[in-house]
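Residue numbers (this note's numbering): 152 to 1282. The C-beta atom is built at its ideal place from N, Cα and C for all residues, glycine as well. Worksheet for the structure shown next.
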Amino acid sequence: MSVGISNGGVLPTTVPLHDYDNPPPEVDNGTSGSKRSSAENVLAEKHGRFSTVCVEEGKRPCTGIEDLSKNDIVRREVTIDEGSEKTRFLESSDRSEGDQESLSYMDLLSVVGGDNLLLYGEPSNLVTAFLKGFTVPGPRERAESKYAKKKVNLGVMLGVYLPTIQHILGVTMFIRLFWLVGIAGLLHTFFLLALCCACTLLTSISISALATNGEVKTGGAYFLISRNLGPEFGSAVGFLFYLANAVATSMYLVGGVEILLIYIFPDLIIGGKEVQTETGAMGMMTHNLRIYSTVLLIVEFSIVAMGVRFVQLLAPVSLLCVIVSILACYAGGVAKTFDNSGSQHICMYGERPLQAKIILPENASISSICDYCTYETMNKYFPYDCSNGTCSEAIRCINGFTGFTAKTFFSNLFPSYMSEGEYLPGRVANKRTDVFQDVDATFFQLLAVYFPAVTGILTGTNMSGDLKDSSKSIPVGTIAAQITTSLIYFLLALVCGAAIDGAVLRDKYGQSLYGGMVLAYLAWPSEWVILIGSFTSTFGAALQCLCSAPRLLQALAKDDVIPFLKPFAKVTKKNEPFNGLILSTVIAEAAILLGGMDDIAALVDFFFLMCYAFVNLTCALYSLMRMPNWRPRFRFYHWSLSILGAILCFFIMFSTHWFLAILCCILFGAVYKYVEWKGAKKEWGDGIRGLALSTAQYSIMKVEEKEPHPKNFRPQLLLLFSLINVEDMDDVRHARLIQLASQLKAGRGLSIIVSFIRGDPLNVRLRADANLVKKHVEEDMVECKLRGFSKTIIYGENQIAGSLSTLIQSIGLGGLRPNTVLLKWPIHGDYLSTDTMDSEYQTFTDKLLAATAMDMCVIVAKNIVNFPHMKQRLHRTMDVYWIVQDGGLCLLIAYLLSQHKVWRHCKIRVIAIAQENDNNVKIEKDLQDYVYRLRIDAQIMVIELSDPEISKVAFEQTLLMEERTRLAHEIRGGGGASDDTVPATTVTFADRFEVRKQIEKRGSMDDLLASGQETQETIRTDNPIKPNVDSYRSYARKSGRNLRRTMEMEWRKFRQLDRQKVQKMHTAVRLNEIILKHSSDSELVILNLPKPPINKQGLSDYVHYLEVLSENVKRIMFIRGTNKDKIVTTS
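Right, here's the structure in full:
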């Protein structure tokens, strides 16, 4: 094998392709002036390893294919954009002659990819070219790009572990954990912490799996959920996640103000220290919290507005303070164990811990409380209990911080749940002197209060853009941080329960310690370590939340799935989402107005829990479905763990504050439906679509492919449109037929609309037009709220019949397939079309035959333009003419229509057609009983069709039908007339009109033919009607020779009429008369569709019968069932 290329008319000689180890050297091809991009040079250098060569005698090497023309050469241009994932290949065959001349050896190799891959001669698809142009934009590439902002490559410790710990360890741990131990006891506290930590641990496992299944971009958890559960779920969860961050800002601020006012600067309380216990919704202490929290919120707003850099400066300081504070608590427990002589004491009156402010004189130190815990003091405040130096209960000054002792441990082992205003379970406190509970303290109340302390596990996910290897850092850092903080909580709870007296632990606000923080008095070496550390941590955590909330809102707005958030997608020149910052501040202020920290914490719970629940559900969904794209690098997950995590989230939500959980679910549902209503036109490859596909596949496999039980029957509609060209889609009849299908949607059945377009299926432009037709149909379906599918089929010339037959036989999947064909009546006169195969009349009959052959139900709407549109409201009757038993389909269709708002006010009237020998009274009674058992409200009528005399109209219509059939046959080139008829060319339309006119003057056909002598020729099927030859001839002589000849021809036709055709036409005429008499004011007439003939020759007559039957009827639907029950009386 050898190859070569012509160059400038010189035909090179070729050498065999066998030297694969020695590639030819680079040579100058005489076009050094032409420039190539750096990317092309790289590709050319890489292609140097190929060894396909051809050498022109005495000149430079070349390569190519023999007889390859210049115009066949394909140029490939590769554009590599730094910092992006784009690789563009441009193929062009219109290269100029000069450029073609300049093609070098390497250019040609870059075209064909070397002879080793010549079989795959598509240069833009070679994997080698793809890999050379593809780069993953990791931190290094983004840092090196001159267009990208330089970022640091954070590892596990600095990128995930420490920031997550900082976010988790917050104010709740310092001011609520000890109270939790005092109320719930160590056993219940450990169980409560186990619930919270198990929830976050399972969620951490799920988030690790999701975060390592692809690159996580801006938005963190919102990005993961939205891209995996779709825009509807993602937007709803993302919005709640945003609210969680915004409201958490207020929770941290209120907690920080509580530390500031109660423990650090109590003199700042408006109203004095006396109002510390007024913690109700309208209490003075609550107002203090609102005022000072608002001031701090304004300060934080100003800091965040200056940029994220200022926020990040405080992060290390805050984290350091938290770590030191926790170590101080542990050290204090150990120190108190060895020496508790200097520990703080409290005053007890019996089992009542007393407020220090009523015992100590003004400006006295809490350390001297034992000096004032005497009978004299008690006599002053308890005159009824204390007299003559004695009191009814013992007065004690006890050490509140005992260090680790078995007595303290076992005394704090069991719970002491109390109601509001109690100092011990079942014992009401004196609110003026005793330490009491300000809320009902139950297990689930404590669970709601403390759960925010374990949130913050998504911090590492939100920082994925700054991580060196997110697939490694996020799982390790998140799970390690969660386990670390869980151990901290358990150990701190154990320290509190084993080293602090229960009376002090139950003192929520440190009233027995003269307003001091309980953990601060435990700390070593000084209480100020805890006070400063806790306040700093709250201020820093609030800054983090207020900084991240606007960015999360911006991510939501940029996705453009919630239209009213669009203004928040804008950023300032410094890339700061200032609009989102304003909204987040307003929401945080609204949460501050709720009052105390415990109330705000309950609200934060539900927002975070909803987000965690959907993170777990997302992981479980992908794990169970085993989607091909589900390939997380983190392997230590299982769907059962994710489901357990989701169950825990919902359990905590509904067990703590069920009404708030319901409100949160309502808010979630409102956002979901809003996004769905506005049309979430985002294709993110989410799992909900995959779940729908899997569910549909499972359901279809479960549905048996056989006739359903009558109770399960529902019309599964197939609408067939035949379009000669794309412009036919604007026909109003198509839209009205879609609206009619929508009005039948009470059946909750499948709807499929198939549009047939004539043309070349391989024509690209026609395929684009077909897509436009499909889109047009889908828009009509959306407009009339018809849920279903739209398809377009392009068929070749004269292939409509085969295409229809194939479609009807193959459409559907298993048991989910259409069972009813909905058609519109063809245009009047279309039977004369010269287009023998594709006329609307012809395609209508093809559809009718194919549907009947496949044993499908058929609904034909005649005068479809008169059918109501979606905004009309009809009020009269729907008349169902019950002629034959078709399984009750006519009655079922009438009932389904009556469920739609268009037809809702119409009454159903069932009109049975009886024959001469039927018992009309019994038929009416039986029909009333049958309709009653069907649970359908309908009026009953019985009309007898007993006129046996064939009318003049029946003969005329039969003759017209014969003429129309023959005329259509002649127009389509079907041949001449038969031997026993006058050629059609000798008869004009004027002659036929004159005959009709004379017949009208004479009266009926019976009058015309009744009085003459009998003739030996009779109608072909022994028709007993006798012609009056004399009167006929007398009339003909008066009309002239031409008219006589015409009438003789007409007479011969009357004699040749088929008796059966005349009888059928007679039935159609009589039914039409009955319909016009009884249903002239009806909104709709529903009638049985007669069985179509088997052969196509009889279809023309069949259609004519139906035209006569429905003549002058405003709206009529022909319905044909399958002779199987479609509606039953049983339950």
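> Does the beta-carbon of Glu855 have 16 or more other beta-carbons within 10 angstroms, so that it is buried, or is it exposed?
Replying inline: Counting from 1 along the sequence shown, the entry for residue 855 is found at position 704. The residue is exposed, with fewer than 16 neighbouring Cβ atoms inside 10 Å.
>> List, from N- to C-terminal side, the alpha helix (DSSP H) runs of 4 residues or more that fit wholly inside the stretch 714-801.
In response: Complete alpha helix (DSSP H) runs here, min 4: 729-743, 748-776.
> What runs of the beta strand (DSSP E), each 3 residues or longer, lie entirely inside the stretch 893-930?
Replying inline: 902-909
> Can you give the Cα-Cα distance for Thr315 and Ile733, rounded to whole angstroms?
Replying inline: As a working mapping, residue 315 is identified with position 164 in the sequence shown. As a working mapping, residue 733 is identified with position 582 in the sequence shown. Using only the alpha carbons, I get a separation of about 26 Å.
> Taking C-beta to C-beta, are Asp1243 and Leu999 nearer than 7 Å?
Replying inline: Position 1092 of the sequence shown, counted from the start, is the residue given in the question as residue 1243. Position 848 of the sequence shown, counted from the start, is the residue given in the question as residue 999. What sits at residue 1243 in the sequence shown is Pro, not Asp. Yes.
> In terms of residue numbering, what span does the beta strand (DSSP E) encompassing Ile944 cover?
Replying inline: In the sequence shown, residue 944 corresponds to position 793, counting from 1. In the DSSP annotation of this structure, the continuous segment of the beta strand (DSSP E) that includes Ile944 starts and ends at 940-946.
> Near His927, what residues of its chain come up, given a Cβ to Cβ distance below 7 Å and the 5 sequence neighbours on each side ignored?
Replying inline: Taking the first residue of the sequence shown as position 1, residue 927 is located at position 776. Taken in chain order, the residues that qualify are Met880.
>> Please identify the residue among Cys816, Lys1073, Ser954, Leu895 whose C-alpha is closest to the C-alpha of Lys1052.
In response: Position 901 of the sequence shown, counting from 1, holds the residue named residue 1052. Measuring from the Cα of Lys1052, the nearest candidate turns out to be Leu895.
> What number of angstroms, rounded off, separates the C-alpha of Val712 from the C-alpha of Lys829?
Replying inline: Counted from its first residue, the sequence shown places residue 712 at position 561. Counted from its first residue, the sequence shown places residue 829 at position 678. Distance between the alpha carbons of Val712 and Lys829: 8 Å.
>> Let me make sure I understand the geometry here. Which of Gly431, Leu380, Ala897 has the alpha-carbon closest to that of Ala771?
In response: Residue mapping note: residue 771 aligns to position 620 of the sequence shown, counting from 1. Out of Gly431, Leu380, Ala897, the CA that lies nearest to the CA of Ala771 is found in Leu380.
> DSSP state of Lys1013, grouped into three classes?
Replying inline: Residue numbering aside, residue 1013 sits at position 862 when the sequence shown is read from its first letter. Three-state DSSP puts Lys1013 in a strand.
> In chain order, what residues of the same chain lie with their CB nearer than 6 Å to the CB of Ala592, ignoring the 5 residues before and after it?
Replying inline: In the sequence shown, the residue the question calls residue 592 occupies position 441. Correct list, in chain order: Ile334, Tyr568, Met569.
> Between the C-alpha atoms of Val1072 and Val1016, what's the straight-line distance to the nearest angstrom?
Replying inline: Position 921 of the sequence shown, counting from 1, holds the residue named residue 1072. Position 865 of the sequence shown, counting from 1, holds the residue named residue 1016. When rounded, the distance between both Cα atoms is 38 Å.
> For the stretch 845-854 against the stretch 956-968, are there 3 or more C-beta pairs whose distance is under 8 Å?
Replying inline: yes
>> For Gly653 and Tyr500, what's the separation of their Cα atoms in angstroms?
In response: By 1-based counting over the sequence shown, the position of residue 653 is 502. By 1-based counting over the sequence shown, the position of residue 500 is 349. Taking the straight line joining both Cα atoms gives about 15 Å.
>> Taking the alpha-carbon of Asp882 as reference, which of Asp931, Gly841, Gly900 has the nearest alpha-carbon?
In response: Counting from one through the sequence shown, the residue named residue 882 turns up at place 731. Minimum Cα distance to Asp882 is reached at Asp931.
>> Please classify His1056 as buried or exposed, where buried requires at least 16 other C-beta atoms within 10 Å of its C-beta.
In response: For the purposes of this step, residue 1056 is taken as residue 905 along the sequence shown, with counting starting at 1. With fewer than 16 Cβ atoms within 10 Å of its Cβ, His1056 is classed as exposed.
> DSSP three-state call for Gln867: helix, strand or coil?
Replying inline: Against the sequence shown, residue 867 aligns to sequence position 716. Coil at Gln867, not helix or strand.
> Which of the three DSSP states, helix, strand or coil, is assigned to Thr1280?
Replying inline: Residue numbering aside, residue 1280 sits at position 1129 when the sequence shown is read from its first letter. Of the three classes helix, strand and coil, the one that applies to Thr1280 here is coil, per DSSP.
>> Taking DSSP's pairing of strands, which residues face Phe390 in a bridge?
In response: The residue labelled residue 390 in the question sits at position 239 within the sequence shown. Its beta-bridge partners do not exist; DSSP assigns none.
> For the alpha helix (DSSP H) that contains Ala604, what are its first and last residues?
Replying inline: Looking up residue 604 in the sequence shown gives position 453. Segment: none, Ala604 is in no alpha helix (DSSP H) and carries neither H nor E.
> So, Asn767 versus Ala739, is the Cβ gap smaller than 7 Å?
Replying inline: Mapped onto the sequence shown, residue 767 falls at position 616. Mapped onto the sequence shown, residue 739 falls at position 588. Going by C-beta atoms, Asn767 is not nearer than 7 Å to Ala739.
> Counting Cβ pairs closer than 8 Å, one from the stretch 520-531 and one from the stretch 608-623, do we hit at least three?
Replying inline: When C-beta atoms of the stretch 520-531 are compared with those of the stretch 608-623, fewer than three pairs fall below 8 Å, so the two segments do not count as touching.
> Rounded C-beta distance between Val398 and Phe758? I'm assuming under 8 Å.
Replying inline: Translated into positions along the sequence shown, residue 398 becomes position 247. Translated into positions along the sequence shown, residue 758 becomes position 607. So it is a contact: roughly 7 Å between Cβ atoms.
>> Along the chain, where does the beta strand (DSSP E) containing His496 start, and where does it finish?
In response: The residue you call residue 496 lines up with position 345 of the sequence shown. Its beta strand (DSSP E) spans residues 496-500.
> Bridge partners of Pro504, per DSSP?
Replying inline: Position 353 of the sequence shown, counted from the first residue, corresponds to residue 504. According to DSSP, Pro504 bridges with Met499.
> Which same chain residues, not among the five before or five after Lys424, have their C-beta less than 6 Å away from its C-beta?
Replying inline: The residue given as residue 424 occupies position 273 in the sequence shown. Shown here for Lys424: same chain residues with a beta carbon closer than 6 Å to its own, the five before and five after excluded, namely Pro417 in chain order.
> Taking Cβ positions, are Gly502 and Leu575 nearer each other than 7 Å?
Replying inline: The sequence position of residue 502 within the sequence shown is 351, counting from 1. The sequence position of residue 575 within the sequence shown is 424, counting from 1. For the sequence presented, residue 502 should be read as Glu rather than Gly. Yes. Within cutoff.
> Near His1229, which residues of its chain fall below 8 Å by C-beta distance, leaving aside the five closest residues on each side in sequence?
Replying inline: As a first step, residue 1229 is located in the sequence shown; it is residue number 1078 there, counting from the start. Excluding sequence positions up to five before and after His1229, its CB lies within less than 8 Å of the CB of Asp1030, Ile1062, Met1092, Ile1094, all in the same chain and listed in chain order.
>> Comparing C-alpha positions only, which one of Ser1251, Arg1221, Val388, Lys1265 sits nearest to Glu815?
In response: Here residue 815 corresponds to residue number 664 of the sequence shown, with the count starting at 1. Note on identity: in this sequence residue 815 is Cys, with Glu being the wrong assignment. Selected option, being the one with the closest Cα: Val388.
> With a CB to CB cut of under 7 Å and the five nearest residues on each side skipped, what residues in its chain are close to Ala921?
Replying inline: Working through the sequence shown from its first residue, we reach residue 921 at position 770. Once the five neighbours on either side are set aside, the close Cβ partners of Ala921 are Ile908, Thr943, Ile945.
> Should Leu656 be labelled buried (16 or more other beta-carbon atoms within 10 Å of its own) or exposed?
Replying inline: Your numbering for residue 656 matches position 505 in the sequence shown. Buried.
> Is Lys1277 closer than 7 Å to Phe1018 when the C-beta atoms are compared?
Replying inline: Here the question's residue 1018 lines up with position 867 in the sequence shown. Here the question's residue 1277 lines up with position 1126 in the sequence shown. It is not a contact, given that the beta carbons lie outside the stated cut-off.
> Between the Cα of Gln596 and the Cα atoms of Asp749, Val826, Gly483, which residue gives the shortest distance?
Replying inline: Against the sequence shown, residue 596 aligns to sequence position 445. Measuring from the Cα of Gln596, the nearest candidate turns out to be Asp749.
>> Would you say the beta carbon of Tyr481 is closer than 6 Å to some non-hydrogen atom of the ligand ZN?
In response: Among the components of this structure there are no ligands whatsoever, and the ligand ZN is therefore not found.
> Which runs of the beta strand (DSSP E) spanning at least 3 residues fall entirely within the stretch 441-506, listed in chain order?
Replying inline: Runs found: 496-500.
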